[in-house]
Amino acid sequence: FQWTKECEDALTKAKQAIAAEQSLVHFHINLPIKLVCDASNVGMSAVLLYIYEDGFEKPIYFASRSLTKTEQKYSVIHKEAATIYWGISKFYQFVIGRKLISASDHKPLQAILGGQKGIPQLAAGRLQRWAVFLSDFDYEFQYIKGSNNILADSLSRLPLNSQEQEIVQLDYIDLVQENIPLSADLIRTEIRNDVLLSKPYFWRRIEIYVDQGLIMWGYRVIIPEKLRFKLLSEFYCSHLGATKMKALARSYCWWPSLDADLEELARSCATCLEMRSDPPKTTLTKWPLTNFAFERIHIDYADPF
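All letters in the sequence shown, in the order written, are residues 827 to 1131 by my numbering.
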(Lines of atoms letter the chains of each structure in order from A and count residues from 1; the text may use other names and numbers.)
(Lines give C-alpha, C1' and ligand atoms only; values in the text may rest on other atoms or scores of the structure.)
Protein backbone atom coordinates (compact mmCIF):
# COMPACT_ATOMS: atom_id res chain seq x y z
CA PHE A 1 0.00 0.00 0.00
CA GLN A 2 1.34 3.39 -0.98
CA TRP A 3 0.22 6.70 0.51
CA THR A 4 -0.03 8.82 -2.60
CA LYS A 5 -0.91 12.47 -3.16
CA GLU A 6 -4.46 11.42 -4.05
CA CYS A 7 -4.78 9.72 -0.66
CA GLU A 8 -3.50 12.82 1.10
CA ASP A 9 -5.98 15.01 -0.78
CA ALA A 10 -8.84 12.65 0.06
CA LEU A 11 -7.91 12.72 3.76
CA THR A 12 -7.73 16.53 3.72
CA LYS A 13 -11.16 16.79 2.10
CA ALA A 14 -12.61 14.35 4.64
CA LYS A 15 -11.23 16.43 7.52
CA GLN A 16 -12.61 19.61 5.99
CA ALA A 17 -16.03 18.02 5.52
CA ILE A 18 -16.13 16.85 9.13
CA ALA A 19 -15.10 20.26 10.45
CA ALA A 20 -17.35 22.23 8.10
CA GLU A 21 -20.40 24.05 9.43
CA GLN A 22 -22.63 22.16 7.01
CA SER A 23 -21.92 18.79 8.62
CA LEU A 24 -24.54 17.69 11.14
CA VAL A 25 -23.78 16.48 14.64
CA HIS A 26 -25.76 14.12 16.84
CA PHE A 27 -28.12 15.49 19.45
CA HIS A 28 -26.60 15.82 22.92
CA ILE A 29 -28.77 16.70 25.90
CA ASN A 30 -26.03 18.48 27.88
CA LEU A 31 -24.98 21.07 25.29
CA PRO A 32 -26.74 24.45 24.96
CA ILE A 33 -28.81 24.86 21.82
CA LYS A 34 -29.62 27.76 19.55
CA LEU A 35 -32.36 28.17 16.94
CA VAL A 36 -31.61 30.57 14.08
CA CYS A 37 -34.58 31.52 11.87
CA ASP A 38 -35.08 33.63 8.78
CA ALA A 39 -37.84 34.39 6.28
CA SER A 40 -37.82 35.69 2.72
CA ASN A 41 -40.59 36.52 0.27
CA VAL A 42 -40.80 32.90 -0.86
CA GLY A 43 -39.85 30.72 2.08
CA MET A 44 -38.83 30.29 5.70
CA SER A 45 -36.00 28.36 7.32
CA ALA A 46 -34.74 27.26 10.71
CA VAL A 47 -31.35 25.92 11.79
CA LEU A 48 -30.90 24.14 15.13
CA LEU A 49 -27.34 24.51 16.44
CA TYR A 50 -25.15 23.39 19.31
CA ILE A 51 -22.99 25.93 21.12
CA TYR A 52 -19.69 24.43 22.27
CA GLU A 53 -17.54 25.71 25.14
CA ASP A 54 -15.17 27.49 22.76
CA GLY A 55 -18.14 29.34 21.22
CA PHE A 56 -18.07 27.29 18.01
CA GLU A 57 -21.52 26.37 16.67
CA LYS A 58 -22.41 23.15 14.85
CA PRO A 59 -25.77 22.39 13.19
CA ILE A 60 -28.03 19.59 14.38
CA TYR A 61 -30.89 20.05 11.96
CA PHE A 62 -31.73 22.11 8.87
CA ALA A 63 -35.34 22.82 7.90
CA SER A 64 -37.04 24.98 5.30
CA ARG A 65 -40.29 25.24 3.41
CA SER A 66 -42.10 27.49 0.96
CA LEU A 67 -44.56 30.09 2.16
CA THR A 68 -48.23 29.50 1.53
CA LYS A 69 -50.20 31.98 -0.55
CA THR A 70 -51.59 33.49 2.65
CA GLU A 71 -48.17 33.77 4.30
CA GLN A 72 -46.72 35.50 1.24
CA LYS A 73 -49.11 38.42 1.97
CA TYR A 74 -47.82 38.80 5.53
CA SER A 75 -45.80 41.86 6.49
CA VAL A 76 -42.10 41.34 7.22
CA ILE A 77 -42.54 41.21 10.99
CA HIS A 78 -45.31 38.61 10.65
CA LYS A 79 -43.20 36.45 8.33
CA GLU A 80 -40.29 36.53 10.76
CA ALA A 81 -42.53 35.76 13.74
CA ALA A 82 -44.21 32.92 11.83
CA THR A 83 -40.78 31.46 11.12
CA ILE A 84 -39.84 31.38 14.81
CA TYR A 85 -43.21 29.82 15.66
CA TRP A 86 -42.78 27.23 12.91
CA GLY A 87 -39.14 26.51 13.82
CA ILE A 88 -39.87 25.85 17.50
CA SER A 89 -42.89 23.73 16.54
CA LYS A 90 -40.71 21.80 14.07
CA PHE A 91 -38.04 21.04 16.68
CA TYR A 92 -40.45 20.64 19.58
CA GLN A 93 -38.94 17.37 20.82
CA PHE A 94 -35.48 18.96 20.96
CA VAL A 95 -36.32 22.26 22.68
CA ILE A 96 -39.15 21.48 25.11
CA GLY A 97 -37.98 21.74 28.71
CA ARG A 98 -34.56 23.13 27.76
CA LYS A 99 -32.96 26.56 27.75
CA LEU A 100 -33.01 27.84 24.18
CA ILE A 101 -31.54 30.85 22.38
CA SER A 102 -33.84 31.97 19.56
CA ALA A 103 -31.93 34.15 17.10
CA SER A 104 -33.33 36.35 14.33
CA ASP A 105 -32.10 39.25 12.22
CA HIS A 106 -35.42 41.13 12.66
CA LYS A 107 -34.90 43.34 15.72
CA PRO A 108 -38.54 44.61 16.15
CA LEU A 109 -39.54 41.07 17.17
CA GLN A 110 -37.66 41.54 20.42
CA ALA A 111 -40.38 43.88 21.71
CA ILE A 112 -43.10 41.29 20.99
CA LEU A 113 -41.45 37.90 21.51
CA GLY A 114 -38.60 38.94 23.79
CA GLY A 115 -40.65 38.35 26.93
CA GLN A 116 -39.32 41.34 28.89
CA LYS A 117 -42.50 43.42 28.66
CA GLY A 118 -45.11 40.71 28.24
CA ILE A 119 -47.40 40.29 25.26
CA PRO A 120 -48.57 43.64 23.79
CA GLN A 121 -52.35 43.78 24.06
CA LEU A 122 -52.73 45.64 20.78
CA ALA A 123 -50.45 43.39 18.75
CA ALA A 124 -52.13 41.56 15.89
CA GLY A 125 -54.17 38.51 16.82
CA ARG A 126 -51.83 36.03 15.19
CA LEU A 127 -48.80 37.60 16.91
CA GLN A 128 -50.55 37.27 20.26
CA ARG A 129 -51.35 33.60 19.59
CA TRP A 130 -47.75 32.87 18.63
CA ALA A 131 -46.44 34.76 21.66
CA VAL A 132 -48.73 32.76 23.97
CA PHE A 133 -47.51 29.51 22.39
CA LEU A 134 -43.86 30.52 22.76
CA SER A 135 -44.37 31.48 26.41
CA ASP A 136 -44.39 27.75 27.23
CA PHE A 137 -40.71 27.53 26.24
CA ASP A 138 -37.65 28.68 28.16
CA TYR A 139 -36.07 30.76 25.42
CA GLU A 140 -34.05 33.95 25.14
CA PHE A 141 -34.50 36.14 22.07
CA GLN A 142 -31.22 37.19 20.46
CA TYR A 143 -30.75 39.67 17.63
CA ILE A 144 -28.07 38.90 15.03
CA LYS A 145 -27.00 40.98 12.06
CA GLY A 146 -28.33 39.90 8.69
CA SER A 147 -24.77 39.59 7.37
CA ASN A 148 -24.09 36.95 10.05
CA ASN A 149 -27.27 34.97 9.41
CA ILE A 150 -25.83 33.12 6.44
CA LEU A 151 -27.17 29.58 6.92
CA ALA A 152 -30.79 30.44 7.65
CA ASP A 153 -30.83 33.21 5.05
CA SER A 154 -29.64 30.92 2.26
CA LEU A 155 -32.14 28.22 3.20
CA SER A 156 -35.07 30.65 3.23
CA ARG A 157 -34.25 31.74 -0.32
CA LEU A 158 -33.97 28.15 -1.54
CA PRO A 159 -36.92 26.53 0.24
CA LEU A 160 -38.36 23.11 -0.36
CA ASN A 161 -41.49 22.90 -2.46
CA SER A 162 -43.44 21.49 0.47
CA GLN A 163 -45.90 23.82 2.14
CA GLU A 164 -47.89 23.70 5.32
CA GLN A 165 -51.41 22.64 4.45
CA GLU A 166 -53.81 25.55 4.72
CA ILE A 167 -56.88 24.83 6.82
CA VAL A 168 -59.98 26.50 5.46
CA GLN A 169 -62.34 27.49 8.26
CA LEU A 170 -65.99 27.97 7.44
CA ASP A 171 -67.95 30.57 9.38
CA TYR A 172 -71.73 30.25 9.47
CA ILE A 173 -73.84 33.37 9.79
CA ASP A 174 -77.50 33.80 10.63
CA LEU A 175 -78.02 37.27 9.15
CA VAL A 176 -77.17 38.44 5.66
CA GLN A 177 -77.22 42.14 4.79
CA GLU A 178 -77.05 42.88 1.09
CA ASN A 179 -76.24 46.59 1.30
CA ILE A 180 -73.17 46.81 3.51
CA PRO A 181 -72.65 50.49 4.40
CA LEU A 182 -68.85 50.22 4.65
CA SER A 183 -66.99 47.40 2.93
CA ALA A 184 -63.36 46.32 3.12
CA ASP A 185 -62.90 47.18 -0.57
CA LEU A 186 -64.10 50.73 0.02
CA ILE A 187 -61.79 51.17 3.03
CA ARG A 188 -58.90 49.70 1.04
CA THR A 189 -59.49 52.17 -1.80
CA GLU A 190 -59.68 55.18 0.51
CA ILE A 191 -56.52 54.10 2.37
CA ARG A 192 -54.59 54.32 -0.89
CA ASN A 193 -55.99 57.81 -1.48
CA ASP A 194 -55.54 59.08 2.08
CA VAL A 195 -52.48 61.31 2.47
CA LEU A 196 -52.12 60.66 6.22
CA LEU A 197 -52.58 56.89 6.17
CA SER A 198 -50.24 56.48 3.22
CA LYS A 199 -47.43 57.44 5.63
CA PRO A 200 -46.37 54.99 8.38
CA TYR A 201 -47.18 55.76 12.03
CA PHE A 202 -43.65 55.54 13.42
CA TRP A 203 -44.73 55.60 17.08
CA ARG A 204 -46.94 52.52 16.51
CA ARG A 205 -44.73 50.85 13.92
CA ILE A 206 -44.50 47.57 15.84
CA GLU A 207 -48.24 47.23 16.42
CA ILE A 208 -49.42 48.41 12.98
CA TYR A 209 -49.38 46.12 9.96
CA VAL A 210 -51.01 45.82 6.53
CA ASP A 211 -53.42 42.95 5.93
CA GLN A 212 -54.86 42.61 2.40
CA GLY A 213 -54.55 46.33 1.78
CA LEU A 214 -56.09 47.34 5.13
CA ILE A 215 -54.02 49.13 7.77
CA MET A 216 -54.57 47.34 11.08
CA TRP A 217 -53.70 48.30 14.65
CA GLY A 218 -53.92 45.00 16.44
CA TYR A 219 -57.38 43.69 15.56
CA ARG A 220 -58.79 47.12 14.68
CA VAL A 221 -59.00 48.75 11.26
CA ILE A 222 -57.56 52.25 10.90
CA ILE A 223 -60.22 54.23 9.03
CA PRO A 224 -59.22 56.85 6.42
CA GLU A 225 -60.46 60.39 7.01
CA LYS A 226 -62.99 60.39 4.15
CA LEU A 227 -64.96 57.48 5.64
CA ARG A 228 -64.90 58.46 9.31
CA PHE A 229 -68.13 60.46 9.42
CA LYS A 230 -70.00 57.72 7.56
CA LEU A 231 -68.75 55.11 10.01
CA LEU A 232 -69.61 57.32 12.99
CA SER A 233 -73.14 57.70 11.67
CA GLU A 234 -73.49 53.92 11.44
CA PHE A 235 -72.19 53.47 14.97
CA TYR A 236 -74.42 56.20 16.35
CA CYS A 237 -77.67 55.20 14.63
CA SER A 238 -78.85 53.43 17.82
CA HIS A 239 -78.20 56.57 19.95
CA LEU A 240 -76.57 54.74 22.85
CA GLY A 241 -74.63 57.77 24.02
CA ALA A 242 -71.00 58.78 23.73
CA THR A 243 -69.61 56.45 26.42
CA LYS A 244 -71.13 53.23 25.05
CA MET A 245 -70.41 54.20 21.47
CA LYS A 246 -66.73 54.83 22.23
CA ALA A 247 -66.44 51.37 23.78
CA LEU A 248 -68.13 49.83 20.73
CA ALA A 249 -66.09 51.77 18.18
CA ARG A 250 -62.76 50.98 19.88
CA SER A 251 -63.50 47.27 19.47
CA TYR A 252 -63.52 47.45 15.68
CA CYS A 253 -61.73 50.55 14.41
CA TRP A 254 -59.41 53.40 15.34
CA TRP A 255 -58.06 56.76 14.24
CA PRO A 256 -56.27 59.45 16.29
CA SER A 257 -59.35 61.61 17.04
CA LEU A 258 -61.92 58.81 17.43
CA ASP A 259 -63.03 59.73 20.98
CA ALA A 260 -63.24 63.46 20.26
CA ASP A 261 -65.25 62.87 17.06
CA LEU A 262 -67.75 60.65 18.87
CA GLU A 263 -68.20 63.17 21.68
CA GLU A 264 -68.79 65.96 19.17
CA LEU A 265 -71.36 63.84 17.34
CA ALA A 266 -73.17 63.11 20.61
CA ARG A 267 -73.30 66.81 21.49
CA SER A 268 -74.77 67.72 18.11
CA CYS A 269 -77.27 64.84 17.84
CA ALA A 270 -80.81 66.29 17.90
CA THR A 271 -82.38 62.96 18.89
CA CYS A 272 -80.07 62.51 21.87
CA LEU A 273 -80.62 66.09 22.99
CA GLU A 274 -84.39 65.64 22.78
CA MET A 275 -84.43 62.32 24.65
CA ARG A 276 -81.84 63.33 27.23
CA SER A 277 -83.12 63.37 30.80
CA ASP A 278 -83.93 66.80 32.19
CA PRO A 279 -81.59 68.06 34.91
CA PRO A 280 -82.99 67.66 38.45
CA LYS A 281 -85.19 70.55 39.57
CA THR A 282 -83.92 72.64 42.42
CA THR A 283 -86.06 73.24 45.49
CA LEU A 284 -87.84 76.60 45.52
CA THR A 285 -86.80 78.81 48.40
CA LYS A 286 -88.01 82.17 49.64
CA TRP A 287 -85.80 85.20 49.61
CA PRO A 288 -85.02 86.43 53.11
CA LEU A 289 -86.87 89.57 54.20
CA THR A 290 -85.06 92.89 53.88
CA ASN A 291 -84.77 95.55 56.57
CA PHE A 292 -85.03 98.66 54.38
CA ALA A 293 -85.88 99.75 50.84
CA PHE A 294 -83.40 98.93 48.05
CA GLU A 295 -81.37 96.69 50.36
CA ARG A 296 -81.46 94.01 47.63
CA ILE A 297 -82.09 94.66 43.92
CA HIS A 298 -83.20 91.95 41.43
CA ILE A 299 -82.40 92.47 37.74
CA ASP A 300 -83.59 90.47 34.73
CA TYR A 301 -82.17 90.84 31.24
CA ALA A 302 -82.55 89.38 27.75
CA ASP A 303 -80.18 89.35 24.77
CA PRO A 304 -79.21 89.93 22.06
CA PHE A 305 -80.47 93.41 21.34
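Cβ atoms here follow ideal geometry from the backbone N, Cα and C, with glycine treated the same way.
Collapsed DSSP secondary structure at residue i in the structure displayed
| i | result |
| --- | --- |
| residue 956 | helix |
| residue 891 | strand |
| residue 839 | helix |
| residue 1003 | Here residue 1003 scores only 47 on pLDDT, less than 50, and its place in the model is too uncertain to base an answer on. |
| residue 968 | strand |
| residue 1128 | coil |
| residue 912 | helix |
Sub-7 angstroms separation of residue i and residue j beta-carbons
| i | j | result |
| --- | --- | --- |
| residue 978 | residue 1059 | no |
| residue 953 | residue 908 | no |
| residue 887 | residue 857 | no |
| residue 911 | residue 933 | no |
| residue 1080 | residue 1054 | no |
| residue 859 | residue 926 | yes |
| residue 967 | residue 928 | yes |
| residue 1049 | residue 1043 | no |
| residue 869 | residue 901 | no |
| residue 833 | residue 930 | no |
| residue 1088 | residue 1073 | no |
| residue 850 | residue 913 | no |
Bounding residues of the alpha helix (DSSP H) (the contiguous stretch that carries residue i)
| i | result |
| --- | --- |
| residue 1090 | 1084 to 1094 |
| residue 919 | 918 to 921 |
| residue 936 | 935 to 939 |
| residue 976 | 976 to 983 |
Closest residue to residue i among the options (Cα-Cα distance)
| i | options | result |
| --- | --- | --- |
| residue 981 | 1093, 1108, 1128 and 874 | 874 |
| residue 852 | 858, 863 and 885 | 885 |
| residue 1097 | 1015, 1066 and 1076 | 1066 |
| residue 960 | 975, 922, 971 and 931 | 922 |
| residue 904 | 867, 889 and 891 | 867 |
| residue 1051 | 1069, 957 and 1082 | 1082 |
| residue 824 | 1063, 1061, 1120 and 1013 | The structure shown does not extend to residue 824, since the chain spans only 827 to 1131, so no value can be given for it. |
| residue 894 | 1121, 1011, 958 and 865 | 865 |
| residue 1078 | 1093, 1092 and 1057 | 1057 |
| residue 975 | 917, 1011, 1036 and 883 | 883 |
First and last residue of the uninterrupted beta strand (DSSP E) at residue i
| i | result |
| --- | --- |
| residue 864 | 859 to 865 |
| residue 929 | 926 to 930 |
| residue 874 | 869 to 877 |
| residue 851 | Per DSSP, residue 851 belongs to no beta strand (DSSP E) and is neither H nor E. |
| residue 1034 | 1034 to 1037 |
Original post:
Of all the alpha helix (DSSP H) runs that stay within the bounds of the stretch 1040 to 1070, which reach a length of 4 or more residues?
Top reply: 1051 to 1061
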